[in-house]
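**Student:** My questions will all concern the structure given below.
Chains as they are written, first to last, in the numbering used here: chain A, 156 to 263; chain B, 3 to 114.
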């Protein structure tokens with residue numbers, strides 16, 4: 156089956172720093188999404204981004220579908236950005252595949 | 003309230019008991035999903051449904067049963083709970099245009 160690799164697995168940042176999270180798929184996927192799971196366990200939609208670039212405040216994402224990867228950029232990080240970031244996609248049909256996540260801790 | 007809700011939010015049960023986790027969405031989304039989240043595994047798909055009375059297995063369906071008699075509800079039943087089913091369970095829904103999935107708050111299940 157399709158493999159999803161997220162990197163880095165863990166990331167510690169000083170407040171105000173920038174970071175890039177990466178998601179690689181071993182094969183083509185549809186409906187690529189990025190989620191943030193906050194420390195309370197809630198899954199929050201960040202981006203629906205099957206291709207191209209989107210921005211929302213300090214966050215932006217780019218998906219290069221032909222090369223099967225997506226990037227999530229966090230600028231001027233804040234302590235509230237802490238949590239786990241997941242990418243997910245549909246490799247065909249509706250059997251969604253999630254990456255293992257990037258665990259981010261932002262220090263004050 | 004509008005959105006997707008799950009109940010109960012927390013459940014403790016014993017091995018061998020039947021447990022049903024409820025999921026309700028108010029958007030009339032056609033697609034609904036059940037996932038489990040375990041340390042080291044991220045989220046894994048248990049079952050999904052494309053419409054009322056249409057369900058299909060995901061990656062880890064063994065030990066679970068689902069039904070979808072109404073579009074808005076998608077209950078997940080553990081017919082005979084096992085300790086390995088201790089997990090956090092998330093329900094999600096998605097519209098017919100097949101874009102974003104939206105997640106419920108999750109149910110933390112402990113099987114003793």
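Backbone N, C-alpha and C define an ideal beta-carbon position, used for all residues, glycine too. None of the values given here were measured: they were computed from a predicted structure.
Looking at chain A, is there any beta carbon in it that lies within less than 8 Å of the beta carbon of residue 5 of chain B?
**Tutor:** As a working note, residue 5 of chain B is residue 3 in the second chain. No, residue 5 of chain B does not count as interfacial toward chain A.
**Student:** Among A/162, A/172, A/160, which one has its Cα closest to the Cα of residue 230 of chain A?
**Tutor:** As a first step, residue 230 of chain A must be located in the first chain, where it is residue number 75. Ranking the options by Cα distance to residue 230 of chain A, first place goes to A/172.
**Student:** May I have the straight-line CA-CA distance separating residue 80 of chain B from residue 204 of chain A, to the nearest angstrom?
**Tutor:** Within the second chain, residue 80 of chain B is the residue found at index 78, counting from 1. Within the first chain, residue 204 of chain A is the residue found at index 49, counting from 1. It is roughly 34 Å from the alpha-carbon of residue 80 of chain B to the alpha-carbon of residue 204 of chain A.
**Student:** Does residue 251 of chain A get closer than 8 Å to chain B when you measure Cβ to Cβ?
**Tutor:** Taking the first chain and counting its residues from 1, one reaches residue 251 of chain A at position 96. At least one chain B Cβ lies under 8 Å of residue 251 of chain A.
**Student:** Can you pull the chain A neighbours of residue 47 of chain B, defined as C-beta to C-beta under 9 Å?
**Tutor:** Taking the first residue of the second chain as 1, we reach residue 47 of chain B at position 45. By Cβ distance, chain A contributes 249, 250, 251, 252, 253.
**Student:** Given 8 Å as the limit, is there contact between the region 252–263 of chain A and the region 231–240 of chain A, that is, 3 or more CB pairs closer than that?
**Tutor:** Flag = yes, the region 252–263 of chain A and the region 231–240 of chain A touch.
**Student:** Could you please tell me which residues of the region 189–208 of chain A, in chain order, have their CB closer than 7 Å to any CB of chain B?
**Tutor:** 196, 197, 198, 200, 203
**Student:** Please report the straight-line C-alpha distance between residue 249 of chain A and residue 47 of chain B, rounded to a whole angstrom.
**Tutor:** By 1-based counting over the first chain, the position of residue 249 of chain A is 94. By 1-based counting over the second chain, the position of residue 47 of chain B is 45. C-alpha separation (whole angstroms): 10 Å.
**Student:** Taking the continuous beta strand (DSSP E) assigned at residue 41 of chain B, which residues delimit it?
**Tutor:** Within the second chain, residue 41 of chain B is the residue found at index 39, counting from 1. Note, residue 41 of chain B: premise wrong, no beta strand (DSSP E); not H, not E.
**Student:** Per DSSP, what kind of secondary structure is residue 160 of chain A in: helix, strand or coil?
**Tutor:** Position 5 of the first chain, counting from 1, holds the residue named residue 160 of chain A. Residue state, collapsed to three classes: strand.
**Student:** Can you give the beta carbon distance from residue 62 of chain B to residue 84 of chain B, rounded, assuming they're within the 8 Å contact cut?
**Tutor:** To locate residue 62 of chain B, count along the second chain from 1; it is residue 60. To locate residue 84 of chain B, count along the second chain from 1; it is residue 82. Between residue 84 of chain B and residue 62 of chain B the Cβ distance is about 13 Å, and since that is not below 8 Å, they are no contact.
**Student:** When the cut-off is 8 Å and only beta carbons count, does residue 173 of chain A lie next to chain B?
**Tutor:** Along the first chain, read from residue 1 onward, the residue named residue 173 of chain A stands at position 18. Chain B contact via Cβ: absent.
**Student:** List the DSSP bridge partners of residue 201 of chain A.
**Tutor:** If you number the first chain from 1, residue 201 of chain A lands on position 46. According to DSSP, residue 201 of chain A bridges with nothing at all.
**Student:** Using only alpha-carbon positions, find the residue among A/215, A/251, A/209 that is nearest to residue 174 of chain A.
**Tutor:** Residue mapping note: residue 174 of chain A aligns to position 19 of the first chain, counting from 1. The candidate whose alpha carbon is nearest that of residue 174 of chain A is A/215.
**Student:** Over what stretch of residues does the beta strand (DSSP E) that includes residue 206 of chain A continue unbroken?
**Tutor:** Within the first chain, the letter at position 51 stands for residue 206 of chain A. First-last for residue 206 of chain A: undefined, no H or E at that position.
**Student:** For a contact meaning CB atoms closer than 8 Å, what does residue 241 of chain A contact in chain B?
**Tutor:** Mapped onto the first chain, residue 241 of chain A falls at position 86. In chain order: 44, 45.
**Student:** Can you pull the DSSP bridge partners for residue 36 of chain B?
**Tutor:** Mapped onto the second chain, residue 36 of chain B falls at position 34. DSSP lists B/49, B/93 as partners of residue 36 of chain B.
**Student:** Under a CB-based cut-off of 8 Å, is residue 256 of chain A close to chain B?
**Tutor:** Position 101 of the first chain holds residue 256 of chain A. Closer than 8 Å to some Cβ of chain B, the Cβ of residue 256 of chain A qualifies, so yes.
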